[in-house]
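Enquirer:
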Amino acid sequence: MRWGHHLPRASWGSGFGRALQPPDERIPFLIHWSWPLQGERPLGPPRAFIRHHGNLADSASRFGRHGQLFPSASATEAIQRYRWNLAEWFSRLPREERQFGPTFALDTVHVDPVIRESTPDELLRPPAELALEHQPPQAGLPPLALSQLFNPDASGRRVQTVVLYGTVGTGKSTLVRKMVLDWCYGRLPAFELLIPFSCEDLSSLGPAPVSLCQLVAQRYMPLKKVLPLMAAAGSHLLFVLHGLERLNLDFRLAGTGLCSDPEQPEEPAAIIVNLLRKYMLPEASILVTTRPSAIGRIPSKYVGRYGEICGFSDTNLQKLYFQLRLNQPDCGCGSGVSAAPAQRDNLVQMLSRNLEGHHQIAAACFLPSYCWLVCATLHFLHAPTPAGQTLTSIYTSFLRLNFSGETLDSTDASNLSLMAYAARTMGKLAYEGVSSRKTYFSEEDVCGCLEAGIKTEEEFQLLHIFRRDALRFFLAPCVEPGRAGTFVFTVPAMQEYLAALYIVLGLRKTTLQKVGKEVAELVGRVGEDVSLVLGIMAKLLPLRALPLLFNLIKVTSLTPPPASSLPSTPSCPCSHRVPCSPLAPLPAGNCCFLHRRQACPLLCRSRNSIVSVPPEVVPRVFGRMVGKSREAVAQAMVLEMFREEDYYNDDVLDQMGASILGVEGPRRHPDEPPEDEVFELFPIFMGGLLSAHNRAVLAQLGCPIKNLDALENAQAIKKKLGKLGRQVLPPSELLDHLFFHYEFQNQRFSAEVLSSLRQLNLAGVRMTPVKCTVVASVLGSGRHALDEVNLASCQLDPAGLRTLMPVLLRARKLGLQLNSLGPEACKDLRDLLLHDQCQITTLRLSNNPLMAAGVALLMEGLAGNTSVTHLSLLHTGLGDEGLELLAAQLDRNRQLQELNVAYNGAGDTAALALARAAREHPSLELLHLYFNELSSEGRQVLRDLGGAAEGGARVVVSLTEGTAVSEYWSVILSEVQRNLNSWDRARVQRHLELLLRDLEDSRGATLNPWRKAQLLRVEGEVRGLLEQLGGSGS
1 MRWGHHLPRA
11 SWGSGFGRAL
21 QPPDERIPFL
31 IHWSWPLQGE
41 RPLGPPRAFI
51 RHHGNLADSA
61 SRFGRHGQLF
71 PSASATEAIQ
81 RYRWNLAEWF
91 SRLPREERQF
101 GPTFALDTVH
111 VDPVIRESTP
121 DELLRPPAEL
131 ALEHQPPQAG
141 LPPLALSQLF
151 NPDASGRRVQ
161 TVVLYGTVGT
171 GKSTLVRKMV
181 LDWCYGRLPA
191 FELLIPFSCE
201 DLSSLGPAPV
211 SLCQLVAQRY
221 MPLKKVLPLM
231 AAAGSHLLFV
241 LHGLERLNLD
251 FRLAGTGLCS
261 DPEQPEEPAA
271 IIVNLLRKYM
281 LPEASILVTT
291 RPSAIGRIPS
301 KYVGRYGEIC
311 GFSDTNLQKL
321 YFQLRLNQPD
331 CGCGSGVSAA
341 PAQRDNLVQM
351 LSRNLEGHHQ
361 IAAACFLPSY
371 CWLVCATLHF
381 LHAPTPAGQT
391 LTSIYTSFLR
401 LNFSGETLDS
411 TDASNLSLMA
421 YAARTMGKLA
431 YEGVSSRKTY
441 FSEEDVCGCL
451 EAGIKTEEEF
461 QLLHIFRRDA
471 LRFFLAPCVE
481 PGRAGTFVFT
491 VPAMQEYLAA
501 LYIVLGLRKT
511 TLQKVGKEVA
521 ELVGRVGEDV
531 SLVLGIMAKL
541 LPLRALPLLF
551 NLIKVTSLTP
561 PPASSLPSTP
571 SCPCSHRVPC
581 SPLAPLPAGN
591 CCFLHRRQAC
601 PLLCRSRNSI
611 VSVPPEVVPR
621 VFGRMVGKSR
631 EAVAQAMVLE
641 MFREEDYYND
651 DVLDQMGASI
661 LGVEGPRRHP
671 DEPPEDEVFE
681 LFPIFMGGLL
691 SAHNRAVLAQ
701 LGCPIKNLDA
711 LENAQAIKKK
721 LGKLGRQVLP
731 PSELLDHLFF
741 HYEFQNQRFS
751 AEVLSSLRQL
761 NLAGVRMTPV
771 KCTVVASVLG
781 SGRHALDEVN
791 LASCQLDPAG
801 LRTLMPVLLR
811 ARKLGLQLNS
821 LGPEACKDLR
831 DLLLHDQCQI
841 TTLRLSNNPL
851 MAAGVALLME
861 GLAGNTSVTH
871 LSLLHTGLGD
881 EGLELLAAQL
891 DRNRQLQELN
901 VAYNGAGDTA
911 ALALARAARE
921 HPSLELLHLY
931 FNELSSEGRQ
941 VLRDLGGAAE
951 GGARVVVSLT
961 EGTAVSEYWS
971 VILSEVQRNL
981 NSWDRARVQR
991 HLELLLRDLE
1001 DSRGATLNPW
1011 RKAQLLRVEG
1021 EVRGLLEQLG
1031 GSGS
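Numbered according to the working numbering, the sequence shown spans residues 1 to 1034.
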């Protein structure tokens, strides 16, 4: 199988001159695979290896013991050195794999894809219709295990050549790579020698003659000593030819002559043809991998067995893969943080339930490559994110792993990139779906996009190859009830990615653009000839205006290069107002365009014929059309990002997690009207594709985005974001806006667009590690202060606080309520308060289990802080110990003005001690002590202390002050209303009943009708809260 192309596609065998040495035994093999060069190590497998669904070790008894064919010591040593070097080369992972650590290493676990044996008759049948091409392999056909590839066929004949074929993403490359590593570590005893060749590497050699021995020696230097023994190896020699579609093979004798000498120089394609003919090394075994469209390049009489790689057609294989991958120890991306086992188990269970429900994800994971993408996405969503990694880069890297170096047809002279063809066709389908807000496509929709603009036989042939090799990679049959016969993109986000790619590549052309471009080209071709004819006529007829007109068209129809790329032109010393043309060098003796009599005699026939020439009319009009198109695209993108219908959706990261793991709860009834499709990732992917890193990767795939186009698109987007980005957004939409900037990866762009942002309200958004990274990356480098940062109910943890530290330092008001922050988080809060750049004035920590230990750390921070004036510790579990600690250390801070320690379970003694300390504090003005476990006498003492006339802090313990309503009654009741569902209902009900009794007593003790009316109003509010809690309110 293949989680993308793990094999480097070019030059598999370069650099095989050194022998590998063993690693330090203290380094776990799971973590260290490329061993340092010191000492020697045995050839056996260094640890237990998990493998499922096939092992070639079962066939070891048929081929005898190792080393029988190479008995000499020098040959044995050369083979061992070759094994070591080959293992080191094939165990190297691409950067996309290394960034995920051991969890995503092939050698950690491996699940073989299903291989179904097929016959030449099946391959010769006419291609099926579109709907049938997406069907899984027929049920009832037994899979072909790896140990059975070279078993005798049904008639008992020995199989020497096996051809494995599969569409893009089924796992051909990974299967080959795994077989090579198995042989290197002695798990493939059927063959004494295995020689892999990359057909892409061979095709790059061109027609230069080279012998088979030279090919082997150039790529695998240690094999020089055993080359003379290759002919004697017989069936114990295995050649692996990977990616046969890259070679143009001609099996006609007139095209490729016979050659049996491995030392005879021939074209590389001729050597491969004679190997497959069994004319050169006739006893050798050959394994070929190819795409379905290239199967016919090898005549069937030279093939002993065909095997179709069907991917994970069994859901149990998909579940097994995810269980093995997601349950591996995580490297933590170098941050020392790893996912908890409970979290990994929860992810596996949710994913397994989604697969068992036969949802669309099961159809997507039919291809092993998409299993890799699912794991990479879950790793991005739930593990610490490496610096610079974005969701767009994951999808771009995913396509690079599968399509890097892939051409649509190696026999076609255009050498068209397979990814470029997919961007043009599948991107068109994806964009039409986004613009019409649909994710389901009929066969007519698909064929309409694939066959649009096809006129020649060569174009039809390219379409046929794409349908056979890659269409299944992008589209899957819909498995939802009532959607039979329709197709969807393999994963929902792929539709939005391809639609964004279609736009940023400039493949979408309006009718006006197409017509304008054709007119400009036509005028450019015809204008010169017409001008010449009319110039000749002008010598005889007084029609000097006509040459001027057509010369104007001819000159201005040439589209000039961008001004930034043009060399500076000399200034014109003459009196004409027309500048010198930058389109051509100035002829000698002529200072400006009007004086070019030799270069353009029709323009300067006489001084009276021309007054002034407005330059570049046609290009300017065409450029305006292109500019308007970019502005229209930017407008559509921004409107999609700020659609009011999506304001109360989850953020896009949570939506992606739900699409992979499934949504818990009852399913929608089939008769219910369908929900409106959401495409919030489309504008985000557009921004991500414009980043420099993704543009570089896309250029490798044959989809280059010009720097000028990227700049103009970015300017159009910034212009629209500057207008619409100033509105106040709901928390989830604000996070999506920040995520767009994170994907764009341009700090200067983000700083300019977000310069007007003053309030960061993310209340209620579940702040996972990746979301904390997004916010910190986008806003951490800003310079202007944030008036308020609201992170209430965000499920923050200490790691999230550390990640968000650059943003928290810019906040003036910081809300961290309802986050389950404990004493450990107070260490980070202490560091925040002690930072020399801290400018927090209001800190809300209510409804967090800080406890007394946490308050001790906070007081250390407050002792060295000079900015905090308002501190809320409401319902933080302080108890008597916490309030006494506050009372003892309150004087260490001299700027605090308001302190809220309500609802902390403190008794009379601790509350009174804190109240007295507050009265003596030089700056404290208000102390909240309501909802604590105070007796009637204690409340009365606190009222008397707070109402003393000598000044000091006011103490709020009830809704009343004497016989009047407290001016803070609305603050108290609003806190109760806000936390009614999270607090202990019985405890809150008891406190409300005490407050109601105080109100009734105060109302009975006063004769002032105005005060009675106020007390009655507050009593009504309290009774309403009691009724919400289930009390009588009486």
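For glycine and all other residues, C-beta sits at the position ideal for the given N, C-alpha and C.
(1) Cutting at 6 Å between CB atoms, please list the residues of its own chain near L326, excluding the five before and the five after it.
(2) Please name the residue in F685, S235, S756, I298 whose C-alpha comes closest to that of N151.
(3) Per DSSP, what are the beta-bridge partners of L164 in this structure?
(4) The beta strand (DSSP E) with P196 in it runs from where to where?
(5) Which residues bound the beta strand (DSSP E) around E898?
(6) Check whether the Cβ atoms of V240 and L194 sit closer than 8 Å, and answer yes or no.
(7) Please list the terminal residues of the continuous beta strand (DSSP E) segment that includes H236.
(8) Nearest to N904 by CA position, among S872, R916, P113, D261, is which residue?
(9) Report, in whole angstroms, the separation of the C-beta atoms of M641 and P683, which I expect to be a contact under 8 Å.
(10) Quick check: the Cα distance between T773 and V697, rounded to an integer number of angstroms?
(11) Look at the alpha carbon of L791 and the alpha carbon of Q817, and state the distance between them as a whole number of angstroms.
(12) Looking only at its own chain, which residues have a Cβ that is under 8 Å from the Cβ of K827, when we skip the five neighbours before and after it?
(13) For H379, report the span of its alpha helix (DSSP H) as first-last.
(14) Along the chain, where does the beta strand (DSSP E) containing F403 start, and where does it finish?
(15) Take T174 as the anchor and find which of G311, L762, K455, G405 has the nearest alpha-carbon.
(16) To the nearest angstrom, how far is the alpha carbon of I27 from that of F679?
(17) Evaluate G1030 with the Cβ neighbour count: other Cβ atoms within 10 Å of its Cβ, from every protein chain shown; 16 or more gives buried, anything less gives exposed.
(18) Below 8 Å between beta carbons: does that hold for Y370 and G169?
(19) Quick one: measure Cβ to Cβ for A953 and A902, integer angstroms, because I've assumed they're closer than 8 Å.
(20) Between which two residues does the alpha helix (DSSP H) holding K813 run?
(21) For the beta strand (DSSP E) that Q759 lies in, which residues bound it at each end?
(22) With respect to the beta strand (DSSP E) encompassing N790, which residues constitute its N-terminal and C-terminal limits?
(23) Does the distance from the C-beta atom of R939 to that of E961 stay below 8 Å?
(24) Can you round the beta-carbon distance between T963 and R1011 to whole angstroms, since I take them to be within the 8 Å contact cut?
(25) Are the C-beta atoms of N707 and some chain C residue less than 8 Å apart?
(26) I need the DSSP call for R472, collapsed to helix, strand or coil.
(27) What is the residue span of the beta strand (DSSP E) that S118 lies within?
(28) Would you decide whether H379 is buried or exposed? Buried here means 16 or more other CB atoms lie within 10 Å of its CB.
(29) Is H693 helix, strand or coil by DSSP?
(30) Measuring straight from C-alpha to C-alpha, what distance separates A452 and E788?
(31) According to DSSP, which residues form a beta bridge with L507?
(32) To which residues of the same chain is D984 closer than 6 Å at the C-beta, ignoring the five residues directly before and after it?
(33) Ignoring anything shorter than 4 residues, give me the alpha helix (DSSP H) runs that lie fully in the segment 841 to 927, in order along the chain.
(34) Straight-line CA distance for T490 to P71?
(35) Compute the distance between the beta-carbons of G296 and Q160, then report whether it is under 8 Å.
(36) In chain order, what residues of the same chain lie with their CB nearer than 6 Å to the CB of T842, ignoring the 5 residues before and after it?
Expert: In short, the structure shows the following:
(1) In chain order, R344, L347, V348 place their CB closer than 6 Å to the CB of L326, counting only its own chain and leaving out the 5 sequence neighbours on each side.
(2) Closest by C-alpha distance to N151, out of F685, S235, S756, I298, is S235.
(3) DSSP lists T289, G307 as partners of L164.
(4) According to the DSSP assignment, P196 belongs to the beta strand (DSSP E) that extends over 193 to 198.
(5) Start and end: 898 to 900.
(6) It is a contact, given that the beta carbons lie within the stated cut-off.
(7) For H236, no beta strand (DSSP E) segment is defined, and its DSSP state is neither H nor E.
(8) If we check each option's Cα against that of N904, S872 comes out closest.
(9) M641 to P683, Cβ: 4 Å. Contact.
(10) Each residue's alpha carbon lies about 23 Å from the other.
(11) Our two residues, L791 and Q817, have alpha carbons roughly 7 Å apart in a direct line.
(12) The beta carbon of K827 sits closer than 8 Å to those of P798, L857, all from its chain and outside the five residues before and after it, given in chain order.
(13) Start and end: 368 to 382.
(14) Counting along the chain, F403 falls outside any beta strand (DSSP E), though it belongs to the alpha helix (DSSP H) covering 391 to 403.
(15) Ranking G311, L762, K455, G405 by CA distance to the CA of T174 puts G311 first.
(16) Any reading at I27 must be qualified, since the residue scores a pLDDT of 30, below 50, and its modelled position is unreliable; no value is offered.
(17) Counting other Cβ atoms within 10 Å of its Cβ, G1030 stays below 16 and is therefore classed as exposed.
(18) Yes, Cβ-Cβ distance for Y370 and G169 is below 8 Å.
(19) Contact doesn't hold; Cβ gap of about 14 Å is too wide.
(20) Under the DSSP assignment, K813 falls outside any alpha helix (DSSP H), being part of the beta strand (DSSP E) whose first and last residues are 811 to 815.
(21) Membership of Q759 in the beta strand (DSSP E) is indicated by the continuous run 759 to 761.
(22) DSSP places N790 in the uninterrupted beta strand (DSSP E) bounded by 786 to 790.
(23) No, these two residues do not count as a Cβ contact at 8 Å.
(24) About 6 Å separates the beta carbon of T963 from that of R1011, a gap short enough to meet the 8 Å contact definition.
(25) This model lacks chain C altogether; it includes just one protein chain.
(26) Three-state DSSP puts R472 in a helix.
(27) Run containing S118: 114 to 118, per the beta strand (DSSP E) assignment.
(28) Per the 10 Å Cβ criterion, buried.
(29) H693 sits in a helix when the DSSP states are folded into three classes.
(30) Put simply, the backbone Cα of A452 is about 53 Å away from that of E788.
(31) When beta bridges are read from the DSSP output, L507 appears opposite no residue.
(32) Here the set comprises nothing.
(33) Taking only runs of at least 4 residues, the alpha helix (DSSP H) segments lying wholly in the segment 841 to 927 are 851 to 863, 879 to 889, 908 to 920.
(34) Near 53 Å, if we compare the C-alpha coordinates of P71 and T490.
(35) Judged by their CB atoms, G296 and Q160 are not nearer to each other than the 8 Å cut-off.
(36) Listed in chain order, the non-local C-beta contacts of T842 below 6 Å within the same chain comprise K813, H870, local neighbours out to five positions each way being set aside.
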